[in-house]
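Below: one structure, written as structure tokens.
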Amino acid sequence: MIDHIGFSVSDYQRAKAFYQTALAPLGYGLIMEVPAEVTGHAPAAGFGANGKPDFWIGGEGAMNKPVHIAIVAKDRATVDAFYKAAMAAGGRDNGAPGIRAHYHPNYYGAFVLDPDGHNIEAVCHTPG
Numbered sequence: 001m002i003d004h005i006g007f008s009v010s011d012y013q014r015a016k017a018f019y020q021t022a023l024a025p026l027g028y029g030l031i032m033e034v035p036a037e038v039t040g041h042a043p044a045a046g047f048g049a050n051g052k053p054d055f056w057i058g059g060e061g062a063m064n065k066p067v068h069i070a071i072v073a074k075d076r077a078t079v080d081a082f083y084k085a086a087m088a089a090g091g092r093d094n095g096a097p098g099i100r101a102h103y104h105p106n107y108y109g110a111f112v113l114d115p116d117g118h119n120i121e122a123v124c125h126t127p128g
């Protein structure tokens, strides 16, 4: 089981603002921030729910290749809300909300590219 994940971004402040907006419908918020003085190299922001940061970004700079991260949504309306919020925050469409039956009949997901091109997904696996 994964406890947390992190990746670097090219513009820390821009990415932090994007994720604060895009992840809010999923119940995720900025839990903590660690300044460069503490990390020794670049600031980091931890997002999560219920007080536990499990989704981290760091200001180390752009990565060579984008990552794909999927976050579970409680229902399909939450997937829709994520997509709308992420697009409003400056994300780019990488797959509007909908069924992805090639994964399984109830796979309802939405994909958005963040400012660095990372593919961020919200997914619900329950029917209707």
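Using UniProt numbering, you'd call the opening residue of the sequence shown number 1 and step up by one each time. No residue lacks a Cβ here, since even glycine has one placed at the ideal position from N, Cα and C.
Can you list, in chain order, the residues of its chain whose CB lies under 8 Å from that of residue i, leaving out five sequence neighbours each side?
i: A62; result: S8, V9, S10, D116
i: W56; result: H4, I5, G6, F7, A44, A45, G46, F47
i: K84; result: P25
i: G98; result: Y108, G109, A110
Nearest to residue i by alpha carbon, out of the options?
i: P105; options: A89, M87, L113, H125; result: H125
i: N50; options: P127, L30, E60; result: L30
i: E60; options: A101, G40, D93; result: G40
i: A15; options: F82, R92, G58; result: G58
i: G27; options: V34, A81, A42; result: A81
So residue i is in the alpha helix (DSSP H); what residue range does that whole segment cover?
i: V79; result: 76-88
i: A17; result: 12-22
Kindly indicate the opening and closing residues of the beta strand (DSSP E) around residue i.
i: E33; result: 29-34
i: H70; result: The question names His, but residue 70 is Ala in the sequence shown. Looking at the DSSP string, the run of the beta strand (DSSP E) that includes A70 is 68-72.
i: Y108; result: 108-113
i: K65; result: No beta strand (DSSP E) contains K65, which DSSP labels as neither H nor E.
i: G6; result: 5-8
i: G46; result: 44-49
For residue i, which residues from the same chain have a beta carbon less than 7 Å from its beta carbon, with the 5 sequence-adjacent residues on both sides left out?
i: G90; result: F18, P115
Using a threshold of 9 Å, state whether the C-beta atoms of residue i and residue j are closer than that.
i: A110; j: G95; result: yes
i: V79; j: A122; result: yes
i: V86; j: V67; result: It should be noted that the sequence gives Ala, not Val, for residue 86. No, they are not a contact pair.
What residues in its chain sit with their C-beta under 6 Å from that of residue i, if we drop five residues either side in the sequence?
i: I69; result: I120
i: R76; result: Y108, C124
i: A42; result: A36, G58, G59, E60
For residue i, is the classification buried or exposed, using 16 other Cβ atoms within 10 angstroms of its Cβ as the cut-off for buried?
i: P127; result: exposed
i: H102; result: exposed
i: A88; result: exposed
i: I71; result: buried
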